[in-house]
Amino acid sequence: MDSSTGWTTRRIVGFDTETTGVDVRTDRIVTAALVIRAGIGGLSQVRTWLIDPGVEIPEAASAIHGVTTEHARAHGVQPREALEEIASLLAASMSADCPVVAYNACFDLTLLEYELDRHGLPTLTERIGRAPSPAIDPLVLDRALDRYRPGKRRLGDLASFYGVVASGELHAADVDVDATLDVLGALVRRFPELGELTLDALHDRQIRAHYRWASSFNDWLTSNGFEREPADLAWPLGGRYAPPTELLVALVERARRAAVARPVAYGA
Numbered sequence: 001m002d003s004s005t006g007w008t009t010r011r012i013v014g015f016d017t018e019t020t021g022v023d024v025r026t027d028r029i030v031t032a033a034l035v036i037r038a039g040i041g042g043l044s045q046v047r048t049w050l051i052d053p054g055v056e057i058p059e060a061a062s063a064i065h066g067v068t069t070e071h072a073r074a075h076g077v078q079p080r081e082a083l084e085e086i087a088s089l090l091a092a093s094m095s096a097d098c099p100v101v102a103y104n105a106c107f108d109l110t111l112l113e114y115e116l117d118r119h120g121l122p123t124l125t126e127r128i129g130r131a132p133s134p135a136i137d138p139l140v141l142d143r144a145l146d147r148y149r150p151g152k153r154r155l156g157d158l159a160s161f162y163g164v165v166a167s168g169e170l171h172a173a174d175v176d177v178d179a180t181l182d183v184l185g186a187l188v189r190r191f192p193e194l195g196e197l198t199l200d201a202l203h204d205r206q207i208r209a210h211y212r213w214a215s216s217f218n219d220w221l222t223s224n225g226f227e228r229e230p231a232d233l234a235w236p237l238g239g240r241y242a243p244p245t246e247l248l249v250a251l252v253e254r255a256r257r258a259a260v261a262r263p264v265a266y267g268a
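Residues in the sequence shown are numbered from 1 upward in steps of one, following UniProt numbering.
Here it is as structure tokens:
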């Protein structure tokens, strides 16, 4: 990846999906949006997709994003067509060291990998020749930078906390991406050291930050007797696309050493 700083004023791509559910392994993408900006605060160029996922969209999911099975079948494009366009644009951006910003990136990027595999298309990892990077996840950053703030950390919660006014109703993919980019801008203004890190360093520190959060969360689940699937320790890809444990631990250790060498507020 490009090691230069100044990423906040360069081209940046936001990404979000709305889906049939929350299982990255089995659920499908229903809508997706890419938002391109020339810097965090630049004007938005928006590309959206409505997809016929080929399966029933549960009523609970439709209640969130507003897309019914009937509407998707009547107006959506076939998954293979949309997935190829989305993956091509994301891979081209990351290959050019243009950061892809996604809220809870591990969900969207991992789900996309499963979808690409499902439809016989090259994954992002295969297209780029490495794990998808650089990626920026405002959720991971907020958890690391303001670790002890009480309350939920859904996109709407962070938008409210950072004074971001959404351009429309959240849970529309394009609206969510714009809000995500604006939350990232607010994070950089509050924690300017983020903008001073290289994309390499920022990506690595998010790997470590997510690992620390997920480890702590899983310990909390165990100690409180909750019987649910633990959080994936890897970021920005989980499931079968996560790196081997040995590599993940090595990446976390590399980020720890970098944080010690440059002790800024984030990731120390």
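A virtual CB, placed ideally from N, CA and C, is assigned to each residue, including glycine.
Exercise for the section: Tell me whether residue 133 sits in a helix, a strand or coil according to DSSP, three-state version. Expected result: coil
Handout entry: C-alpha distance - residue 191 paired with residue 136, whole-angstrom precision
Key = 15 Å
Problem - DSSP state of residue 165 mapped onto helix, strand, coil - result: coil
Exercise for the section: Measure the C-alpha to C-alpha separation of residue 171 and residue 103 and round it to an integer number of angstroms. Expected result: 12 Å
Exercise for the section: With a cut-off of 8 Å on the beta carbons, I'd call residue 131 and residue 237 a contact; round off their distance for me. Expected result: 6 Å
Practice task
Name, in chain order, the residues that DSSP records as bridge partners for residue 93.
Solution key: None; residue 93 has no bridge partner.
Exercise for the section: From the DSSP output, in three-state form, read off residue 67 for me. Expected result: coil
Problem - N- and C-terminal bounds of the alpha helix (DSSP H) containing residue 183 - result: 173 to 190
Problem - Residue range of the unbroken beta strand (DSSP E) whose run includes residue 17 - result: 11 to 19
Handout entry: Complete alpha helix (DSSP H) runs within the region 203 to 267 (minimum length 4 residues, chain order)
Key = 245 to 261
Problem - When 179, 144 and 145 are compared against residue 157, the one with the closest alpha-carbon - result: 179
Practice task
Report yes if the C-beta distance between residue 34 and residue 80 is below 8 Å; otherwise report no.
Solution key: no
Problem - residue 36, DSSP secondary structure in three states - result: strand
Exercise for the section: Check whether the Cβ atoms of residue 92 and residue 124 sit closer than 8 Å, and answer yes or no. Expected result: no
Exercise for the section: Name the two residues that bound the continuous beta strand (DSSP E) containing residue 47. Expected result: 44 to 50
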